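Below is one structure, written out as C-alpha cells, with a few remarks after it.
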Amino acid sequence: MNYSDYIALIPLLPLAGFVLLGLFGKKYFRRSSGYIGVLILVMSTALAFYTAYQYFFVSGKVHDTYQTIIPLKYTWLQFSSGTSINMGILVDAISVMMLVIVTFVSLMVHIFSLGYMKGEERFSTYYSFLSLFTFSMLGLVMASNIFQIYFFWELVGISSYLLIGFYYDRPSAVAASKKAFIVTRFADLGFLIGILILAYEGGTLDFNTLIERLTNTQSSQYINITTASFLGISVMTWALTLVFIGGAGKSAMFPLHIWLPDAMEGPTPVSALIHAATMVVAGVYLVARLFPVYSINEAALHIVTWLGAISALLAALIACTQTDIKRVLAYSTISQIGYMMFALGAAKYGGEAGTGFTASMFHLFTHAFFKSLLFLGAGAIIHAVHSNEMKDMGSLRKFMPVTHITFLIACLAISGVPPFAGFFSKEEVLLAAFNSNKFIYSIALFTSGLTVFYMFRLYFSVFWNKQREKHEPPHGISFTMKLPLIILGAGTMFIGFIPFGKYVSSDGKLLESAFHLNFSIAPVCFALAGIAIAMWMYKTESNRPHRVAAAFGGLYQAAHKKFYMDEIYLFVTKKIIFNLVGRPAAWIDRNIVDGTMNGMAYSTAKISGWIKGIQSGKVQAYAMYFFIGIIVLVIIVLYLWK
Amino acid sequence: MWNEYLQLMKAELMVTIILFILLFLKLGKKERETVPLLHFINILLLLNFISGFLYNAEGTLFGDMFHTSKLLSLEKNILNLGTLIISLQSFQWLKTHKHIPEFYMLLLATLLGMFFMLSSNNLLMFYLGLELSTIPLAALANFDLDKKISSEAAMKLIISSAFSSGLLLFGISMLYGTTGTLNYHELSQQLSGSPLQILSFVMFVAGFGFKFSAIPFHLWTADVYEGSPVAVTSYLSVVSKGAILFVFVSVLYQAFQNIAGVWYNLLFIISVITMTIGNLFALRQQNMKRFLAFSSISQVGFILIGITGQSPEGSASVIYFVLIYVFSNLGAFGVVSLVSAVTARENIDDYKSFYKNNRALSWILAISLFSLAGIPPTAGFFGKFFLLLAGAGTSHISGEQVNYLLITVAALNMVISLYYYLRIIRAMFMDGNDHPIDKVKASLLPNISFIICIGGVLLIGFAGGIYEYIYSLVK
Chain P
1 MNYSDYIALI PLLPLAGFVL LGLFGKKYFR RSSGYIGVLI LVMSTALAFY TAYQYFFVSG
61 KVHDTYQTII PLKYTWLQFS SGTSINMGIL VDAISVMMLV IVTFVSLMVH IFSLGYMKGE
121 ERFSTYYSFL SLFTFSMLGL VMASNIFQIY FFWELVGISS YLLIGFYYDR PSAVAASKKA
181 FIVTRFADLG FLIGILILAY EGGTLDFNTL IERLTNTQSS QYINITTASF LGISVMTWAL
241 TLVFIGGAGK SAMFPLHIWL PDAMEGPTPV SALIHAATMV VAGVYLVARL FPVYSINEAA
301 LHIVTWLGAI SALLAALIAC TQTDIKRVLA YSTISQIGYM MFALGAAKYG GEAGTGFTAS
361 MFHLFTHAFF KSLLFLGAGA IIHAVHSNEM KDMGSLRKFM PVTHITFLIA CLAISGVPPF
421 AGFFSKEEVL LAAFNSNKFI YSIALFTSGL TVFYMFRLYF SVFWNKQREK HEPPHGISFT
481 MKLPLIILGA GTMFIGFIPF GKYVSSDGKL LESAFHLNFS IAPVCFALAG IAIAMWMYKT
541 ESNRPHRVAA AFGGLYQAAH KKFYMDEIYL FVTKKIIFNL VGRPAAWIDR NIVDGTMNGM
601 AYSTAKISGW IKGIQSGKVQ AYAMYFFIGI IVLVIIVLYL WK
Chain B
643 MWNEYLQLMK AELMVTIILF ILLFLKLGKK ERETVPLLHF INILLLLNFI SGFLYNAEGT
703 LFGDMFHTSK LLSLEKNILN LGTLIISLQS FQWLKTHKHI PEFYMLLLAT LLGMFFMLSS
763 NNLLMFYLGL ELSTIPLAAL ANFDLDKKIS SEAAMKLIIS SAFSSGLLLF GISMLYGTTG
823 TLNYHELSQQ LSGSPLQILS FVMFVAGFGF KFSAIPFHLW TADVYEGSPV AVTSYLSVVS
883 KGAILFVFVS VLYQAFQNIA GVWYNLLFII SVITMTIGNL FALRQQNMKR FLAFSSISQV
943 GFILIGITGQ SPEGSASVIY FVLIYVFSNL GAFGVVSLVS AVTARENIDD YKSFYKNNRA
1003 LSWILAISLF SLAGIPPTAG FFGKFFLLLA GAGTSHISGE QVNYLLITVA ALNMVISLYY
1063 YLRIIRAMFM DGNDHPIDKV KASLLPNISF IICIGGVLLI GFAGGIYEYI YSLVK
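For the protein sequence lines, the chains are P and B, in the order given.
Heads up, the first sequence is in this note's numbering, so the first residue is 1 and it goes up one at a time.
Heads up, the second sequence is in this note's numbering, so the first residue is 643 and it goes up one at a time.
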C-alpha cells in the first residue's frame, strides 16, 4: 500500500469521531460514546504504527538516508502569482515518530477515561472534545506547510481550551482555560508574525521549499533575509525568534509557562494527554521541523538553548516546593521540555554534531511515555482519595499496588536510573550539552539531581509516609484504568533500548549512538543521591527535618558524624533549595510574572475608561473631533511623516 | 443601444424594479397581511440575488461616468446577499410593523445608491451614489417609530453625515480645482502630490472614514448603532460598510496610485488607532449592539491593513474578508436581533446562561464570534490571515521596510479582541443567572438566514476556489 491510500485516515478518523459524538453523542450514544471513541482511536493507532513500520523498515530509506515524503498534496488556493497555499501531508522521521506518540498516548487516555470519567453528565461531550484534540494534534504534526501548521496550532489551542474548561461550573477551571488560551494566543502572535516574515521572504509556505531556499547561502531569498535588518538584528533572526516564541508559549517555556500549572484544572487524563505528552511538545516539534534553518542561525539557536536551560532549572526548583501532586508534575513537565529545547539548541545540522537533535527527539519520545504514565497514575490516585494534596495521601502502596508499581517505574525513568527509558534519552541530552557548552551541561546535571529529588519526594509522600487509618480505605480503580498504566509501564521499561539514532537524526542519515559508560557515572550518582535524600526525608512519617533542626540547636556532640551529613542535606534541601531558591522562584512566578499579566489587564481597563469619556453623545463634539482628526492627520502626512 | 443599458445596468435595474413593485403594493389595498407580504418580498430579494450571478457584462456608459465589470458584479452581489440575509432576519421584528413596504423601499434605495457608487468612474457620480445611500439610511434609523432613542439615532446620523459630506465635497472640489478633472483615470495622471492636493485628499479619506467608522471619524457609530432597530444596525455595519470599503479600495488603487506613499502613511495611522481604540472601547461595552458596533470598528482596522498591501492580493483579500464578514457579523447580529425582538433584552449580562434554554442560538452566536475573532476552523481565521499576508507584502512595491510594525499591532489586537469575544462566550456557556433568557422561538425565515450564515462561516474558509475567483477578477 502507498502512504496516500491510508495516511489521511489517521487524522480523519478522530475528526469523524468528533462530528459523530459532538452532534449525536448526547442523544444516541450516551453510554457507548466512550467505546466509540476508543474504537476509532484503535484504528488510527493501528494505521499510525503501520505507517511507522512502512517508513522505518520498508520504504523510507533511499541510499541510507531517510527521505521526506509528501504522499498527499493538494493546492488549496493560489494566494498570489508566486505563493500558493497547500494542504498536504508530510512524512519524515519526526512526523512519523509524533504520529505514533500522539495516537498511542491518546488511545491510552481514551481507555483510561472510560473508568475515570464514568458517570460524568457530559461524558459524550468529553469524548468528542478528546477526538477533536487528537485530530488537531495529528493535523499539526503531519502539516506540510507553515500555514497548515499554524491552522492546526490554533485548533489545538481551542480544543485544549475546551478541555481545560470542561468542568465549566468551577470558576477556577473557567479562569484557567481562559488563561491558557490567552497566554498561548499571546505567544502565537509572535508565531504569526514569524510566519508572515518567512512566507514573505521565502516566497513560499511549504516547509521543504522554504528550508531549501533559506539554507542555500547562494539563493536570493537567503541573501535578502540575512542582509535585511530591523533594529540592527537580521530579519532571519527575528523571524526564527518570533516563531520560537510561539513554540515557547505552547511548550510553556519561561516566562510564558504560567498557564500550564493552572491548566491542571482540567480532568486529569486530559492533563496526561495535552499537558504532558502531546500539545506541550508542539513547540519542540516546531523548532525541530525548521531545524535546518535554525541550525544556520547562531543567535536564534542561542535563545533556544538558554531559554530551555533556564526553564529546566527554574521549573525543577519550583517543583521541589509544591504540594499539589498535579502541580509537581506540571512543573516537572516544563523542566523536561526545557531539556528537549536546550538539546536542540546544542545541536548542529548533520553528523556527530547533530546528536542533540536526536537526543531531543529521543527524550521527547520517552518523556511522552513516562510522563503520561505519571499523570494517569496521579489521576488514579486522585480518583481514589478525592484530593490533589500530597498531605491527604500516604501509604497508598498497600491499597493500589498496580498504580504503585507503575508510578515507581515512571519515577525511576524520569530520574534516569538505568535501564529505564529516561536513562538513555537523558544521557544523550547530557552528552550533547557536554559537547557543546560546559555551563549548560552543569545546569543540566544539577537539574537532573533536583528532578530525582522532587520526584521521589512525591513518590514517598504518596505511597509511603504516614499510616492510613483503617476505616477510610481509598476506592479501588477499575480495570480500564489499570490497563493503560500497565501498558505504559511496560513501554517505559523497554523503549529505552531502541537505537534511536538509527531512525531519527538531523539529516536523515544513520547516527551511531555514542554511549559512554564513564560518562553515565556522574548523572547516575546524582540520581541515586537524590533518591536517598528523598527517602531519608519522606519515606516514613517523621518530622525528621524538624528533629534535625532541633539537633542543630543543642545535640551537636551526640551525633557528630551523622549530624554533619544531616546538616549538609538539611542545608542543601531545606535551607538553600526551599528557602533561598525555590521559594523566591515560586514568588517571582506568582508575583512578578503573573503580576505583569494582571497589570497589563488593569492598565488596559483604565485606558479604555478614559477613552470612553470622549464618547459623550453630543453631536457637535463629534464634529469637532472629526475636524481635529483631519487637521492632525494632514499635519502628520504633510510635515511629520512623509 | 437599449440592450446595452439593460445589460450593463442589470443590477441597478433589478433593484429599481423591486422598488416599483413595492410602490404599487403600497398604492393598492390599505392593510395587508404582513406575513405573506414579507415572504413575497423575500422571494423578490432572493430572485435579485440569483440574477446577480447571470449575464454579467463589462463596459462603460454615460460618457465614462458609469462602468461595470465582473468584479463589480460580484461585489454588488455580495451586497445583495447581505441585504437578503438581513431581510430574512428582520422577519420577527417587521411582522408586527405597519410600514413594511416603506422599510424595504428605503432599504433598496440605499442599496441602489451603493451600486451607483461602486460603478462610478467619476467623483461626481460617486458623490451622487454616496448621498443616495446615506439619506434614506437616516430615515431607516428612525424606524422604531415609537422609540425616542431611535429618533435620536436618526438625527445624529443625518447631522453627522451632512457634516462629513460637506467636508468630502470640499475635498472633491479642491481636487477638481487642482487637477481639472473628476474622472478616475485622468485624476490618476494629473495628481502631483502638492500640499493642497494632500489636504483635499485627507478630507476625501475622512469622508470614507466616516462611512466605514474609522477612528477618529467614528463617533456617531455607537449612538446610532444602539438607537436604531437591529436590522438597520446590521445593515449599517455590514452592507453599508462593505460597499464603502469596496469603493475605497478601487478608488485608492485606481485614482490615487500616484500618491500611494501618502495614503500608505495615512492608512497606517488610521488602521493602528482604529484597531486599538475600537478594541479598547469594545472591552467596556455592556450593551450587545454597542459591543458589536465597536468590535466591527476594530475589524475595519484589519481591513485597512490589507489595503496597505497595494497589490492585487490586497484588493482580493479585502473583498474576500468582507464576504466572510457578511456571514460572521450577520450571524451574530441575527441572534441579537431575534432575542431583542422577542424579549427586548440586549445587555451582555442578559446573555448569562443563554445556553441553558437556547442551545442552537448559543452555538450560532459562538461560532460567529469565533469567526470575528479569527479562530480556526471558521472563515474569519483565513480572512484575517490573508489580510495580514497581503499587508506583509508591502515592500514589494514601495521598497520600504516591510509592514511589520503594523502587523505586530494587528496581532496584539487580535489577542485583545479574543479576550472580549471570549467574554460573551463565557457569559453564554459558563456564567450563572437567576433569570436566563427563555427559549426564543425563531420562524422559518430567520432560521434560513442562520443556516446561510453558519454554512458560510464554516465552509468559505475551506473553499479555496472563492478566493482564487476573486483574485482572478482583480488581476
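Just so it is clear, CB atoms sit at the ideal spot from N, CA and C, and this is done for glycine as well.
If you're wondering where the values come from, they're calculated on a predicted model, not measured in any experiment.
Beta-bridge partners of residue i, as assigned by DSSP
i	result
residue 74(P)	87(P)
residue 702(B)	709(B)
residue 1122(B)	For residue 1122(B) there is no data in the structure shown, the boundaries of chain B being 643 and 1117.
residue 2(P)	Partner(s): none; residue 2(P) has no beta bridge.
residue 1045(B)	DSSP lists no partner for residue 1045(B).
residue 929(B)	989(B)
Three-way DSSP call (helix, strand, coil) for residue i in this model
i	result
residue 62(P)	strand
residue 143(P)	strand
residue 552(P)	Its pLDDT being 39, under 50, residue 552(P) is placed unreliably by the model, and the measurement read from it follows with that caveat. Reduced to three states, the DSSP call for residue 552(P) is helix.
residue 1073(B)	coil
residue 507(P)	coil
residue 786(B)	coil
residue 262(P)	helix
residue 814(B)	helix
residue 211(P)	helix
residue 1000(B)	coil
residue 1114(B)	helix
residue 149(P)	helix
residue 857(B)	coil
Sub-7 Å separation of residue i and residue j beta-carbons
i	j	result
residue 1099(B)	residue 979(B)	no
residue 686(B)	residue 747(B)	no
residue 216(P)	residue 201(P)	no
residue 508(P)	residue 65(P)	yes
residue 365(P)	residue 422(P)	no
residue 353(P)	residue 477(P)	no
residue 1026(B)	residue 1016(B)	yes
residue 753(B)	residue 657(B)	yes
residue 709(B)	residue 763(B)	yes
residue 838(B)	residue 820(B)	yes
residue 985(B)	residue 1079(B)	yes
residue 101(P)	residue 368(P)	yes
residue 1032(B)	residue 955(B)	yes
residue 665(P)	residue 526(P)	Residue 665(P) lies beyond the stretch modelled for chain P, which goes from 1 to 642, so this question has no answer here.
Delimiting residues of the alpha helix (DSSP H) encompassing residue i
i	result
residue 708(B)	Looking at the DSSP string, residue 708(B) is not in any alpha helix (DSSP H); the run it does join, the beta strand (DSSP E), is 708-710.
residue 389(P)	Note, residue 389(P): premise wrong, no alpha helix (DSSP H); not H, not E.
residue 320(P)	Run containing residue 320(P): none; DSSP gives neither H nor E here.
residue 110(P)	93-116
residue 634(P)	619-635
residue 442(P)	438-463
residue 1087(B)	1086-1101
residue 836(B)	Element bounds for residue 836(B): n/a, residue is neither H nor E.
residue 289(P)	282-289
residue 886(B)	883-897
residue 656(B)	652-669
Inter-residue CB distance, residue i and residue j (contact presumed, cutoff 8 Å)
i	j	result
residue 47(P)	residue 9(P)	6 Å
residue 345(P)	residue 308(P)	6 Å
residue 643(P)	residue 90(P)	No answer is possible for residue 643(P): the residues shown for chain P start at 1 and end at 642.
residue 1082(B)	residue 971(B)	With 8 Å as the limit, residue 1082(B) and residue 971(B) do not qualify as a contact, their Cβ atoms being about 20 Å apart.
residue 254(P)	residue 329(P)	That belief does not hold up - the Cβ atoms of residue 254(P) and residue 329(P) are roughly 17 Å apart, past 8 Å.
residue 248(P)	residue 187(P)	6 Å
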